[in-house]
Structures are given as C-alpha cells and as structure tokens.
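Residue numbers (the working numbering): 9 to 200. This report refers to the structure that appears directly beneath it.
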C-alpha cells in the first residue's frame with residue numbers, strides 16, 4: 009500500500025483516483041485480482057486492524073423504534089455483527105461486493121448473530137435492499153469523489169422506509185475524540 013502514495017501527485021493534478029497508474033488497475037479491481045491482498049485489507053479494516061467497532065452508531069441513541077439495519081459497504085460485517093450482538097431484537101443486512109460478503113460468515117458466527125443476518129453481494133451503486141429502518145455507511149464515502157458519494161447516499165435514501173435514517177460514520181479515532189468512535193450524521197430518508 010505504501011507504493012500507492014506514488015500516485016498522489018497525479019491524483020492532485022487530475023482530481024481523480026490514480027492508483028491504477030502504479031498498479032495497472034483501480035484499487036477495488038486490484039483487490040479482486042489478488043485474494044491475498046484482499047484478505048489482508050479485510051483484516052486491516054476489521055477488528056484485527058481497527059479494533060472492535062462501537063455499536064452505538066446513532067447520535068440520538070434511539071434504538072427502540074429500529075428493527076432492521078443495512079450496513080452498506082460494510083466489509084466483512086464486523087460493525088453489523090456488533091450492532092446485532094448488542095441488540096437482540098434487530099435484524100441486519102450486509103451489502104458488499106460478492107467476494108467480500110463471501111468472507112463475512114466468521115464475523116457473524118463469532119458474535120452469535122448469524123441467524124439474524126442476510127448478506128447481499130452487490131455494488132452499493134445498484135438499488136439497495138428496501139424498507140429498512142437504518143442504513144449505515146462507515147468509512148465508505150471517504151473512498152469516493154463527490155459525484156459517487158452523492159449516488160451512494162441517493163441509493164440509501166431511495167431504499168429507506170419513509171421514516172428511515174441514514175447514518176454516515178467517518179474516520180475519527182476513539183483515542184483522539186474522548187470515547188466517540190466516529191462522528192455521525194443522520195437524516196430522515198423521507199426528506200429526500
């Protein structure tokens with residue numbers, strides 16, 4: 009991954025990702041082409057690399073009215089597993105690329121929530137599973153330019169039930185912000 013920094017100048021000049029100038033293909037395609045690198049990336053993004061995710065993703069803490077959550081681009085499911093472990097009345101769906109969701113079963117089994125999870129192998133640019141109470145995007149939007157980020161948010165808003173919410177979690181580390189694992193913003197999907 010250190011070699012990717014060699015594309016920084018090109019990215020700044022063009023305003024577009026330049027990973028392909030070093031490795032010959034875009035980042036996500038490169039992961040698909042190298043399963044060993046993809047597994048290493050999964051480990052880095054999961055509990056082994058970032059620690060156990062904090063299931064308190066709602067700024068309001070209001071989980072009483074929520075029964076379904078969709079983790080959009082949630083990797084191998086470590087955040088969704090923790091949310092479901094903490095809330096036995098909630099069911100979850102993990103939306104991630106097919107090769108990644110294929111590696112998600114272990115996270116759900118470790119948390120003893122596999123019976124309350126559905127995995128959907130697809131791009132988050134395609135229509136998302138509809139009708140959930142909550143759509144979570146953790147460390148997703150920071151990987152995409154504005155146009156693509158807006159498209160992802162639109163997919164969440166289209167899929168959410170009328171009173172559904174979308175929570176965006178960014179990359180603020182707990183040790184730097186006094187216990188809050190991430191800054192989160194939420195909006196009712198009804199206000200499309």
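Positions of the beta carbon are idealized from the N, C-alpha and C atoms, including for glycine.
| Query | Result |
| --- | --- |
| For the stretch 108-118 against the stretch 134-146, are there 3 or more C-beta pairs whose distance is under 8 angstroms? | no |
| Which full runs of the alpha helix (DSSP H) of 4+ residues lie inside the stretch 69-95, going along the chain? | 86-94 |
| For residue 17, report the span of its alpha helix (DSSP H) as first-last. | 16-22 |
| Pop quiz: residue 124 and residue 85 are said to be a contact at Cβ under 8 angstroms. What is the actual Cβ separation, rounded to whole angstroms? | Their Cβ separation, rounded to whole angstroms, is 12 angstroms, which puts residue 124 and residue 85 out of contact at 8 angstroms. |
| How about the stretch 168-178 and the stretch 143-155: do they share at least three Cβ pairs that are nearer than 8 angstroms? | yes |
| Compute the beta-carbon to beta-carbon distance between residue 40 and residue 119, rounded to the nearest angstrom, for a pair I have assumed lies under 8 angstroms. | Contact flag wrong, Cβ pair sits at about 27 angstroms. |
| For the alpha helix (DSSP H) containing residue 109, list its first residue and its last residue. | 106-109 |
| Per DSSP, what are the beta-bridge partners of residue 178 in this structure? | Partner(s): none; residue 178 has no beta bridge. |
| How many angstroms separate the CA atom of residue 127 from the CA atom of residue 25? | 29 angstroms |
| Tell me, to the nearest whole angstrom, how far the beta carbon of residue 103 is from that of residue 91; I am working on the premise that it is less than 8 angstroms. | That pair is no contact at about 14 angstroms. |
| May I ask which residues mark the beginning and end of the alpha helix (DSSP H) holding residue 117? | 113-118 |
| When burial is assigned at 16 or more other CB atoms within 10 Å of the CB, is residue 133 buried or exposed? | exposed |
| Under DSSP, the alpha helix (DSSP H) around residue 150 begins and ends at which residues? | Taken as a continuous stretch (DSSP letters only), residue 150 belongs to no alpha helix (DSSP H), as it is neither H nor E. |
| Which stretch, first to last residue, makes up the alpha helix (DSSP H) that contains residue 124? | Counting along the chain, residue 124 falls outside any alpha helix (DSSP H), and DSSP gives it neither H nor E. |
| Using a 10 Å radius around the Cβ and a threshold of 16 neighbouring Cβ atoms, would you call residue 164 buried or exposed? | buried |
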